[in-house]
Each structure stands twice: as C-alpha cells, then as structure tokens.
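Working notes for the structure below.
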Amino acid sequence: MEVLKNKFITIKAHVEDAPQECMFELKTQIILGLLEPESNGVIVKCLYASIDPAQINRMKTQCSSQTSVAPASKITPGMMISGSGVGRVVASKHPDFQKNDIVYGSLEWAEYTIFKNGNMLWKLDTKEFPLSYHIGVFGTSGLTAYGGFFHICKPKKGEKVFVSAAAGSVGNLVGQYAKLFGCYVVGCAGSKQKVDLLKGKLGFDDAFNYKEDVDLKSTIQRYFPDGIDIYFDNVGGEMLEAAIANMNNFGRVAACGAMSDYTNSGKRATLNMMDVTYKRITIKGFLSLDFSSEYIKDFISTTTDYVRAGELCVLEDISHGIESIPYAFNGLFQGRNIGKQIVQISEE
Ligand SMILES: NC(=O)c1ccc[n+]([C@@H]2O[C@H](COP(=O)([O-])OP(=O)(O)OC[C@H]3O[C@@H](n4cnc5c(N)ncnc54)[C@H](OP(=O)(O)O)[C@@H]3O)[C@@H](O)[C@H]2O)c1
Numbered sequence: 001m002e003v004l005k006n007k008f009i010t011i012k013a014h015v016e017d018a019p020q021e022c023m024f025e026l027k028t029q030i031i032l033g034l035l036e037p038e039s040n041g042v043i044v045k046c047l048y049a050s051i052d053p054a055q056i057n058r059m060k061t062q063c064s065s066q067t068s069v070a071p072a073s074k075i076t077p078g079m080m081i082s083g084s085g086v087g088r089v090v091a092s093k094h095p096d097f098q099k100n101d102i103v104y105g106s107l108e109w110a111e112y113t114i115f116k117n118g119n120m121l122w123k124l125d126t127k128e129f130p131l132s133y134h135i136g137v138f139g140t141s142g143l144t145a146y147g148g149f150f151h152i153c154k155p156k157k158g159e160k161v162f163v164s165a166a167a168g169s170v171g172n173l174v175g176q177y178a179k180l181f182g183c184y185v186v187g188c189a190g191s192k193q194k195v196d197l198l199k200g201k202l203g204f205d206d207a208f209n210y211k212e213d214v215d216l217k218s219t220i221q222r223y224f225p226d227g228i229d230i231y232f233d234n235v236g237g238e239m240l241e242a243a244i245a246n247m248n249n250f251g252r253v254a255a256c257g258a259m260s261d262y263t264n265s266g267k268r269a270t271l272n273m274m275d276v277t278y279k280r281i282t283i284k285g286f287l288s289l290d291f292s293s294e295y296i297k298d299f300i301s302t303t304t305d306y307v308r309a310g311e312l313c314v315l316e317d318i319s320h321g322i323e324s325i326p327y328a329f330n331g332l333f334q335g336r337n338i339g340k341q342i343v344q345i346s347e348e
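Heads up: the sequence shown at position 36 corresponds to 36 in the numbering used here, and the numbers run straight through without jumps.
Structure follows, in structure tokens:
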C-alpha cells in the first residue's frame with residue numbers, strides 16, 4: 001500500500017488578536033495513498049492555496065461568524081485548515097475524476113487533501129488561463145467583488161464609488177468593475193506603492209493612503225466633494241464611520257468584511273444612525289455563497305471576457321512552499337500583499 005507523507009499547517013493555540021508566525025506550526029502526517037474501492041473518494045495534491053483574511057475568525061476561541069456557514073466554522077489547535085484551492089488528482093475512485101485531473105475545491109493548507117467523496121470538487125479547464133486565476137479573479141475574490149458591487153450596490157453609471165482595502169484581492173476588482181461600468185472610483189490603501197498602482201495601472205480616478213491621514217472624515221470629503229453614492233466596505237471601523245458621514249441620500253454600503261475589527265474588536269465601528277436614517281442609507285452584509293449558480297455563470301462569462309480582452313488587470317501575490325503560509329497569512333493583516341494572496345504549495 002502506497003504511503004504518503006503529508007505536511008500541513010495548523011495553529012498551536014487559538015489566535016485572538018493579530019496573528020504571528022510563531023502561532024502556527026508545520027506538522028507531518030502519514031496517509032495511505034490508496035482509496036477503498038466503491039468509495040467515491042479522491043486524493044488531491046494541492047498546487048495553489050488561497051490565503052484569506054476571514055480565516056482569522058475561524059481561529060478565535062469564539063466568534064459570531066463561526067456558526068454562520070460551514071466554510072466559516074471554528075478551527076481548533078492541531079486541526080487542518082481548509083480553504084479554497086486548486087490541485088491535481090493523484091488517486092480517485094470517483095467516476096467523474098481521474099488521475100492528473102486539475103480540480104478546484106475546499107483543500108486543506110496541506111500537501112494533500114483526502115476527500116471521502118469527491119462531490120464537492122470541480123474539474124477545471126486548464127487551457128486558457130493560469131491555474132492560480134481560479135482562486136482569485138475567477139474564484140471567491142472575483143465573485144465577491146462582482147456580486148457585491150453589481151448585486152448588492154446596484155450601481156448606476158456615473159455614480160461615485162469608494163472602495164477600502166482597494167489594492168487587495170477583492171478591492172482591486174471592485175474598483176476595476178466599477179470603472180468598466182462607468183462609475184467614478186476612489187480607493188484607499190495602506191502605502192504609497194499601492195496608491196500609485198491604483199491610480200496608474202488600475203485606472204482608479206483617485207486614491208489615498210489612509211495611514212497618512214488622521215482625519216478620515218475630512219480626507220474622504222476632499223476626495224468626494226459631492227458625496228459618495230456607493231461604499232464597498234472591506235475594513236469596517238473608523239473608515240466605515242467616516243464613509244457614512246460622507247454618503248449621499250439613498251447611498252448603498254456593501255458590508256463585505258471588517259479587516260480592522262478582525263484583529264482588534266475595540267476598533268468596531270460606531271455608526272451615526274441619524275445619518276443612516278435621514279440619508280436613507282442601505283447597509284447590506286453578504287457572503288459570496290449567497291450568489292446563485294445563475295449569477296455565478298454571469299460573473300464567470302463577464303469576467304472571462306474582460307480578462308481575455310485585457311480590460312481587467314489580474315493582481316496576484318504568490319509565495320512559494322507550504323512553509324510560507326504563516327508569513328503570507330500574517331501579511332494580510334500588515335498590508336504586505338498586493339492583490340490576491342496565494343501560496344503555491346507544489347509545482348504544476
Ligand atoms: N463577504 C464575503 O463573502 C467575502 C469574501 C471574501 C473576502 N471578504 C472580505 O473582504 C475583505 C478583503 O478580503 P481580501 O481577501 O480581498 O483581502 P485583501 O484585501 O487582499 O487583504 C487584506 C488587506 O486589508 C488591509 N488591512 C489589513 N489590516 C487592516 C486594518 N486594520 N484596517 C484597514 N485595512 C487593513 C491591507 O491592505 P492595506 O495596505 O490597504 O492596509 C491588506 O492588504 C476582508 O474583510 C474579507 O474578509 C468577504
């Protein structure tokens with residue numbers, strides 16, 4: 001019976017605040033590389049792992065998100081950490097998958113993932129685009145940006161859009177979709193390099209470094225003298241408070257995530273509810289899982305066309321080797337990543 005050594009990343013203890021590399025460990029387990037006949041099982045070798053900030057909420061002792069949907073469930077110390085990934089089938093008893101098929105699914109932060117049943121794996125067309133695109137621009141980040149912007153914000157051409165964490169995986173795509181649609185777009189990010197990228201390569205109308213501005217309310221007012229119609233919120237906290245103060249009547253806020261809150265709940269936003277009421281602002285939370293399969297088809301076909309035509313720029317930040325996961329993950333909370341953070345676990 002073939003035996004495989006499987007390296008994986010886990011947490012040593014629950015992570016309550018900003019993560020540090022020493023909080024993670026690399027472990028090795030021995031797995032049997034053969035599957036039971038008639039089992040429908042599949043073993044997948046991970047090629048690209050998606051590194052997502054919301055994983056931090058799974059690592060906490062307690063967080064309201066943990067009971068929301070299965071992919072947000074709690075991770076206990078020592079346990080494998082699942083996230084979206086692209087891999088190669090190394091063994092299969094499932095009729096739909098054969099050895100060497102390239103698949104997308106919920107893979108562990110590990111060299112190999114064993115699926116007792118391969119029903120939640122999808123075969124990928126590998127001809128046209130790099131495999132890593134399937135966890136970024138064509139994966140959850142892209143769907144979150146597309147669905148959050150078009151479905152939740154319901155934009156009209158010419159409206160003024162503000163995006164936070166705008167050089168990140170979701171944020172950069174929101175800004176690009178909004179520009180392609182015909183909106184006026186300003187992004188904020190945490191460094192000059194990111195601001196230059198937004199204004200240059202990505203074509204945002206303007207951008208600013210929020211770390212250099214103490215008074216966020218008046219900074220946003222400078223960039224939006226006529227107010228904001230749509231705020232795509234990736235960070236929560238003070239930025240959300242400042243955006244609400246600058247929203248126009250009937251403004252829409254897509255509550256996509258709350259980076260500033262994830263590692264410091266003391267930074268949670270205190271909203272001016274008078275503003276929300278009198279300006280009739282809609283604030284709507286959403287998860288990418290909410291979007292229907294019909295909607296996903298529309299997202300994939302539109303995004304594929306944009307990427308193929310070179311109209312949508314794909315930003316990826318790829319580190320190499322399973323050992324680099326803790327560093328890559330911590331980087332999300334320090335603003336090190338530009339675009340989608342990915343770890344290439346194995347060579348294609
Ligand atoms: N609703 C959904 O279904 C869904 C799906 C995917 C992601 N999300 C959410 O979308 C947001 C962005 O996710 P992503 O995967 O695209 O990550 P990302 O933006 O690529 O990476 C996180 C970025 O957040 C910024 N950041 C870190 N700490 C911050 C803080 N304390 N205050 C303000 N900004 C901070 C950093 O950029 P700077 O240099 O600009 O600080 C960092 O690069 C997250 O809140 C995530 O949870 C939601």
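Ideal Cβ placement from N, Cα and C applies to all residues, glycine included.
Check this for me: beta carbons of residue i and residue j, under 8 Å apart or not?
i	j	result
G142	L180	no
A166	C183	no
T61	E25	no
E111	N246	no
C46	S324	no
V235	D206	no
F129	L121	no
E21	Y327	yes
G331	C256	no
L202	G227	no
F208	Y223	yes
S65	I135	no
V90	I51	no
I244	D275	yes
F8	M80	yes
Could you check the C-alpha separation between residue i and residue j for me, to the nearest Å?
i	j	result
S39	T113	15 Å
C63	N57	6 Å
G41	Q98	11 Å
N263	F333	At residue 263 the sequence reads Thr, which differs from the Asn that was named. Using only the alpha carbons, I get a separation of about 8 Å.
I300	A70	24 Å
T76	M59	7 Å
R280	A254	14 Å
S132	F138	9 Å
S68	G237	21 Å
V307	L271	38 Å
S82	L240	30 Å
F291	A145	12 Å
Y231	T10	35 Å
F286	V3	42 Å
T304	L34	37 Å
R336	Q193	11 Å
P95	I220	55 Å
L315	V103	22 Å
A374	S92	Here the chain covers residues 1 to 348 and nothing more, so residue 374 does not appear.
Y210	D196	13 Å
W109	P225	45 Å
T126	G105	15 Å
L312	T302	10 Å
G310	K123	25 Å
G158	L198	19 Å
Buried or exposed, going by whether 16 or more other CB atoms sit within 10 Å of the CB of residue i?
i	result
I30	exposed
P19	buried
T277	exposed
G190	buried
M1	Bear in mind that the predicted position of M1 carries a pLDDT of just 49, short of 50, making it unreliable; the figure below should be weighed with that in mind. With fewer than 16 Cβ atoms within 10 Å of its Cβ, M1 is classed as exposed.
K160	buried
L32	exposed
M273	exposed
I260	Note that residue 260 is Ser in the sequence shown, not Ile. With 16 or more Cβ atoms within 10 Å of its Cβ, S260 is classed as buried.
S13	Correcting the residue type first, residue 13 is Ala in the shown sequence and not Ser. Counting Cβ neighbours within 10 Å, A13 comes out exposed, since fewer than 16 surround it.
F250	exposed
R252	buried
T140	buried
V163	buried
A258	buried
E348	exposed
D101	buried
D317	buried
G171	buried
D215	exposed
S288	buried
Could you give the C-beta distance for residue i and residue j, rounded to a whole number, given that I count them as a contact under 8 Å?
i	j	result
Q344	H320	5 Å
G87	L107	6 Å
K361	A242	This structure cannot speak to residue 361, because the chain is shown only from 1 to 348.
A72	A49	With 8 Å as the limit, A72 and A49 do not qualify as a contact, their Cβ atoms being about 17 Å apart.
I152	K297	Not really, about 18 Å apart at Cβ, beyond 8 Å.
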